[in-house]
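Engineer: In the numbering used here, the protein residues as written are 7 to 895.
All C-beta atoms, glycine included, are put in the ideal place defined by N, C-alpha and C.
Computed from a predicted model, the values in this text were never measured in an experiment.
Take a look at this one; I'll ask things after.
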Amino acid sequence: MEEAREVRTTCPYCGVGCGVLAKIAADGTTSVRGDPDHPANFGKLCSKGMTLGETLGLEGRLLQPEIGGRQAGWDEALDLVAEKFSQAIAEHGPDTVAFYVSGQLLTEDYYVANKLMKGFIGSGNIDTNSRLCMASSVAGHRRAFGEDIVPGVYEDLERADLIVLTGSNTAWCHPVLYQRMLVARRERGTKIVVIDPRRTATADECDLHLALDPGTDVLLFNGLLAHLVLTGKIDTDFIRDHTSGFDATAALACADAPSIARVAKGCGLAAADAQAFYDLFAAAERTVTVYSQGVNQSAHGTDKVNAIINCHLATGRIGKPGMGPFSVTGQPNAMGGREVGGLANQLAAHMDFADEANIDRVSRFWKAPDIARRGGLKAVDMFQAVADGRIKALWVMGTNPAVSIPDASRVRAALAKCDFVVVSDVTRTDTTRYADVLLPAAGWGEKDGTVTNSERRISRQRPFLPPPGEARADWRIICDVAARMGFGDSFDYRAPAEIFREHAALSAFENGGERPFDLGGFADLTDEDYSTFAPRHWPASERGERQTRLFVGGRFPTPDGRARFVAVRQEATAFAVDTDYPLALNTGRLRDQWHTMTRTGNVPRLMAHASEPAVDLHPADAAAHRLKDGDLAQLSTRFGFVRARVRVADAQRRGHAFLPMHWSGQFAARAAAGLLSSPITDPHSGQPELKHVPARIVRENTGWTGVLITRRDLRPTGFVHWSRHAVEGGWVYELTGTEPPDQGILLARKLLGVRPQDQLLEYTDRRGLAYRAAAIDDAGAMAEALLVAAPDQLPTRDWLVSLLATRQPLSTADRHALLSGRSPVPMPAIGRVVCACFHIGANQIASAVASGCDSLEAIGATLRAGTNCGSCRSEIRAIIDARQVQAAE
Ligand code: SF4
């Protein structure tokens, strides 16, 4: 038997980039814990990171190449990909092929994909799903600094006196980083301001929440700049010595935001709150402004980024400890993708197409005379080009555009009619349905390479499992196709370490210190050095310069060495609500889910927090639309519709609705936020407006409701609405229809899967309006149960779900109780899971509060809830508050 071993690797979810120790026990089982030595997390993990060990099963994995839906060998599949791409290029030119890639790829995968498309195919048509996430920050950085650079490091958040979180639900989306901020708040009194139209979990622990109107961020930050100018709180020496463009920018800001009253009115804020924010910012020398998707995912995202950066340049708060603008990335390797040039408008190693010298330099380095000479199509435009036939061959790598690109119905239609679609991925997704060739890629735990987190720290992802079936590393698949297209000499890598060395060497090639993105110090790593590579920041030049924080001393990578103020004005928002679409719909993440749930959706612990697609509404809006909590509703925009349960939430802003971005066709009938989103993009970054679209909502008149609790993994068809969530031992399918109950029973019964060896118990009520069935396997355990009833008439299902998990033979009493759905002995229900880390439910917390635990600390000491990643603390506090209000009444 093999010895247990522990492998040091990196979490594959968000841009915090936490270090993970994966322990493989002698029996082959894997468990994970936070790496205490990793400087991003010092041993902490959030609920998603903690459950990584539960994502390593083979459910839904692609194990073998497929051509047209049939299994194929690698040679046949790779030959076909190379042939079709070569044919399209020969007949129609290089710009008729495209790669759409992902921030899930490792830097080495990204590097060879970019090199193949831009260097050897000779087109700029490679873009990444980071376009949906970070492109506005990239464009804003390049306008202000001359290069796409995040100047600060995480430590700055612990040294700041003021942290401004704008467009960032950090508590849920970057939980470990958020906990570092809260420690600073507790220990040194750091003030936190949250700027977000929604009252998120992040806003629950802050000193000031500005619930501004969607899309008015430029006005708010122009108002801040004007305030700083008018109150003399600017750093005139820094402006004079290290920047350009201040006068015009300040003049426009003052014209745009002439008074705090005008700002407050334009942003939908109380003037006192805007004033309080401005006073805090003016007073705190050490200020970090953290921004994320709420800023980036906008038709004016780049202007928002520059409005923020302008305030930091005006105060000289950049390149110094505890201060600076700080864009945090959504994906684990969005930064690595930006570094290699994975965005269509970038070339490679932070060099762009604007300068012929860059093209010449990269061409010589790659020995690629046919290199692309201009940028390619950005994501939304790329899928438009697929739709209108300009793109003949498309390769999607590790991402799910059929769900995530806005106006997803059009994207699906485009994929369906594209001449040739290749998808390489780890699991089946809504996008793999459109693949002519499907290539199985290695997943987390199998991949070998590097990622860069939000603070420019490069860490290793190390493999600790062999790829299952015939899955292969992405870099290997790309190089094999390149070789078949005739470029084998330039893609002859034997291991990711070789690719990393080349990537590092390119960043240093003819650099001479002008380009801060310089990994020259890593260009000569040995295989052993690469294997043991410890997390570290770039730049790391071959001259031995090592810097953590950038722009120290006020020197910027622009031609004159000065940072550039960018004059921006508040533009009208892309869409306004109107009588047809009266709700402002916002989309975003849930606490325990990741992207389109391809990994997290299989983990029962992570599905327990929000197990059905739900749209959040303010109580007054719900009442105005005659909706109540739990109703099924149709939510529509000018681009499409979805169905989701109504969740009436006091914290939801009136006139606004919120829909999570995660639900795909793998987990619900029709609930993908991408079906609703607008394809309007920012003119500078090409990033789509995902954060705001006018919507309307109507109640679905449901005739019946049902639940199937089963061991089987299904994708139901023919139902108006279904969703599913993983539980221990199987799945729960929530079913709803607009048909009368008797027809609903007929429909739902088609889902029952009774095997010859199973015993079927059935009951139909006398009027034919309710139905119960259970299948008992040959060992006497419940294999599945189906309950159908009129809306709101189903019993709770906790006991039946627990029977699925135990797989124990049923007692006689259990058998008798089975069709009632109720345990024959009292079984306390834990309620909705609040703390995913320790699986603690709302009912358990409420009873602890009832017995005297009246603080977060007391709940933590009693139940452990909230003591790990901390992202459930706001919900625990809400339960405590509600209980105390009840007691007072
Ligand atoms: S905060 Fe959570 S999801 Fe993000 S890297 Fe850390 S463990 Fe992973």
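What is the DSSP secondary structure of Asn-592, counted as helix, strand or coil?
Structural biologist: One-based indexing of the sequence shown puts residue 592 at position 586. Three-state result, Asn-592: strand.
Engineer: Three-state secondary structure (DSSP) at Ile-127?
Structural biologist: To locate residue 127, count along the sequence shown from 1; it is residue 121. Helix at Ile-127.
Engineer: Compare the C-beta of Glu-695 with all C-beta atoms of chain D and state if any pair is closer than 8 Å.
Structural biologist: Among the protein chains of the structure shown there is no chain D, as only one such chain exists.
Engineer: Please work out which residues of its chain come closer than 7 Å, Cβ to Cβ, to Pro-100, disregarding the five sequence neighbours upstream and downstream, and give them in chain order.
Structural biologist: Position 94 of the sequence shown holds residue 100. Hits under 7 Å: Ile-127, Gly-128, Ser-129.
Engineer: Taking 7 Å as the cut-off, is the beta-carbon of Lys-54 closer than that to any non-hydrogen atom of the ligand SF4?
Structural biologist: Position 48 of the sequence shown, counting from 1, holds the residue named residue 54. Within the cutoff, so yes.
Engineer: Here's a check: name, in chain order, each residue in its chain whose Cβ is nearer than 6 Å to the Cβ of Trp-544, leaving out the five neighbours to either side.
Structural biologist: On the sequence shown, position 538 is the one that residue 544 refers to. The answer, listed in chain order, is Arg-462, Leu-525.
Engineer: Note the first and the last residue of the continuous beta strand (DSSP E) segment covering Ser-684.
Structural biologist: Working through the sequence shown from its first residue, we reach residue 684 at position 678. No beta strand (DSSP E) contains Ser-684, which DSSP labels as neither H nor E.
Engineer: Could you tell me which residues DSSP pairs with Asp-431 in its beta bridges?
Structural biologist: By 1-based counting over the sequence shown, the position of residue 431 is 425. According to DSSP, Asp-431 bridges with Pro-446.
Engineer: Got a sec? Which residues, its chain only, sit under 6 Å from Val-368 by beta carbon, not counting five neighbours each side?
Structural biologist: On the sequence shown, position 362 is the one that residue 368 refers to. Result list for Val-368: Leu-353, Ala-354, in chain order.
Engineer: Quick check: the stretch 48-55 against the stretch 387-397, are at least 3 beta-carbon pairs closer than 8 Å?
Structural biologist: no
Engineer: What would DSSP say about Asp-358, mapped onto helix, strand or coil?
Structural biologist: Start at 1 with the first residue of the sequence shown, and residue 358 comes out as number 352. DSSP places Asp-358 in strand when its eight states are reduced to three.
Engineer: Considering only heavy atoms of the ligand SF4, does any lie closer than 7 Å to the CB of Val-189?
Structural biologist: Start at 1 with the first residue of the sequence shown, and residue 189 comes out as number 183. False, no ligand heavy atom lies under 7 Å from that Cβ.
Engineer: Take Leu-231 as the anchor and find which of Met-788, Ile-865, Ala-884, Gln-281 has the nearest alpha-carbon.
Structural biologist: Taking the sequence shown and counting its residues from 1, the one referred to as residue 231 is at position 225. Considering only alpha carbons, the answer is Gln-281.
Engineer: Any idea which residues DSSP pairs Leu-665 with across the strands?
Structural biologist: Locating residue 665 in the sequence shown gives position 659, where the first residue counts as 1. The partner list for Leu-665 (beta bridge, DSSP) reads Thr-593.
Engineer: Apart from the five residues on each side of it in sequence, which residues of its chain come closer than 7 Å, Cβ to Cβ, to Arg-889?
Structural biologist: Here residue 889 is taken as the residue at index 883 of the sequence shown, counted from 1. Excluding sequence neighbours, Arg-889 sits near Ala-852, Val-855, Ala-856.
Engineer: In or out: Leu-766 buried (at least 16 other Cβ within 10 Å) or exposed?
Structural biologist: As a working mapping, residue 766 is identified with position 760 in the sequence shown. Answer is exposed; the Cβ neighbour count stays below 16.
Engineer: From the DSSP output, which residues share a beta bridge with Arg-570?
Structural biologist: Taking the first residue of the sequence shown as 1, we reach residue 570 at position 564. For Arg-570, which the question treats as bridged, DSSP gives the partners Ser-250.
Engineer: Where Tyr-769 and Ser-808 are concerned, what is the direct C-alpha to C-alpha distance, given to the nearest angstrom?
Structural biologist: Indexing the sequence shown from 1 puts residue 769 at position 763. Indexing the sequence shown from 1 puts residue 808 at position 802. Going by the C-alpha atoms only, they are around 21 Å apart.
Engineer: Is it a yes or a no for the stretch 743-754 touching the stretch 790-797, going by three-plus beta-carbon pairs under 8 Å?
Structural biologist: Segments in contact, yes.
Engineer: Going along the chain, which unbroken runs of the alpha helix (DSSP H) with 4 or more residues stay wholly within the stretch 23-72?
Structural biologist: 53-56
Engineer: Which whole-angstrom value describes the C-beta separation of Arg-67 and Pro-474, a residue pair presumed to lie in contact below a C-beta threshold of 8 Å?
Structural biologist: Position 61 of the sequence shown, counting from 1, holds the residue named residue 67. Position 468 of the sequence shown, counting from 1, holds the residue named residue 474. Their Cβ separation, rounded to whole angstroms, is 6 Å, which keeps Arg-67 and Pro-474 in contact under 8 Å.
Engineer: I need the DSSP call for Pro-700, collapsed to helix, strand or coil.
Structural biologist: Reading the sequence shown from its first residue, position 694 is the one you call residue 700. Correct three-state label for Pro-700: strand.
Engineer: So is the beta-carbon of Pro-545 under 7 Å away from any non-hydrogen atom of the ligand SF4?
Structural biologist: In the sequence shown, the residue the question calls residue 545 occupies position 539. Every heavy atom of the ligand SF4 is 7 Å or more from the Cβ of Pro-545, so no.
Engineer: Give the secondary structure of Val-182 by DSSP, where H, G and I count as helix, E and B as strand, and everything else as coil.
Structural biologist: To locate residue 182, count along the sequence shown from 1; it is residue 176. The three-state reading of DSSP puts Val-182 in helix, counting H, G and I together.
Engineer: How far does the alpha helix (DSSP H) with Ala-629 in it reach, from first residue to last?
Structural biologist: Here the question's residue 629 lines up with position 623 in the sequence shown. Start and end: 625-630.
Engineer: Drop a sphere of 10 angstroms on the beta-carbon of Leu-69, count the other beta-carbons inside from all chains shown, and report buried for 16 or more, exposed for fewer.
Structural biologist: By one-based count along the sequence shown, residue 69 stands at place 63. So Leu-69 ends up on the exposed side.
Engineer: Given 7 Å as the limit, tell me if Gly-23 has its C-beta closer than that to any heavy atom belonging to the ligand SF4.
Structural biologist: Within the sequence shown, numbered from 1, the residue matching residue 23 stands at position 17. Using a cutoff of 7 Å, the CB of Gly-23 counts as near the ligand SF4, since one of the ligand's heavy atoms is closer than that.
Engineer: For the structure I just gave you, are there three or more beta carbon pairs, one from the stretch 12-22 and one from the stretch 451-460, closer than 8 Å?
Structural biologist: Yes, the stretch 12-22 touches the stretch 451-460.
Engineer: Put Ser-642 into one of helix, strand or coil per three-state DSSP.
Structural biologist: Your numbering for residue 642 matches position 636 in the sequence shown. Residue state, collapsed to three classes: strand.
Engineer: What is the rounded straight-line gap between the Cα of His-98 and the Cα of Tyr-106?
Structural biologist: Your numbering for residue 98 matches position 92 in the sequence shown. Your numbering for residue 106 matches position 100 in the sequence shown. If you take the alpha carbons of His-98 and Tyr-106, they lie about 19 Å apart.
Engineer: So, is Val-558 buried or exposed, given that buried needs 16 or more other C-beta atoms within 10 angstroms?
Structural biologist: Within the sequence shown, residue 558 is the residue found at index 552, counting from 1. It counts as exposed.
Engineer: Excluding sequence positions up to five away, which residues of its chain have a Cβ less than 8 Å from the Cβ of Thr-36?
Structural biologist: By one-based count along the sequence shown, residue 36 stands at place 30. Ala-28, Lys-29, Ile-30, Gly-59, Leu-62, Gly-451, Phe-470, Leu-471, listed in sequence order.
Engineer: By the 10 Å Cβ neighbour count, where 16 or more other Cβ atoms means buried, how is His-731 classified, buried or exposed?
Structural biologist: Position 725 of the sequence shown, counted from the first residue, corresponds to residue 731. So His-731 ends up on the buried side.
Engineer: Would you kindly work out how many angstroms separate the C-alpha atoms of Thr-57 and Arg-434, rounded to a whole number?
Structural biologist: Locating residue 57 in the sequence shown gives position 51, counting from the first residue. Locating residue 434 in the sequence shown gives position 428, counting from the first residue. For Thr-57 and Arg-434, the distance between alpha carbons rounds to 21 Å.
Engineer: Which same chain residues end up closer than 7 Å to Arg-717 when comparing Cβ atoms and leaving out the 5 residues on each side of it in sequence?
Structural biologist: As a first step, residue 717 is located in the sequence shown; it is residue number 711 there, counting from the start. Same-chain partners within the cutoff: Gly-735, Gly-736, Ala-789, Glu-790, Leu-810.
Engineer: Taking C-beta to C-beta, are Gly-527 and Ala-546 nearer than 8 Å?
Structural biologist: Translated into positions along the sequence shown, residue 527 becomes position 521. Translated into positions along the sequence shown, residue 546 becomes position 540. Yes, the pair counts as a contact, with Cβ atoms nearer than the cut-off.
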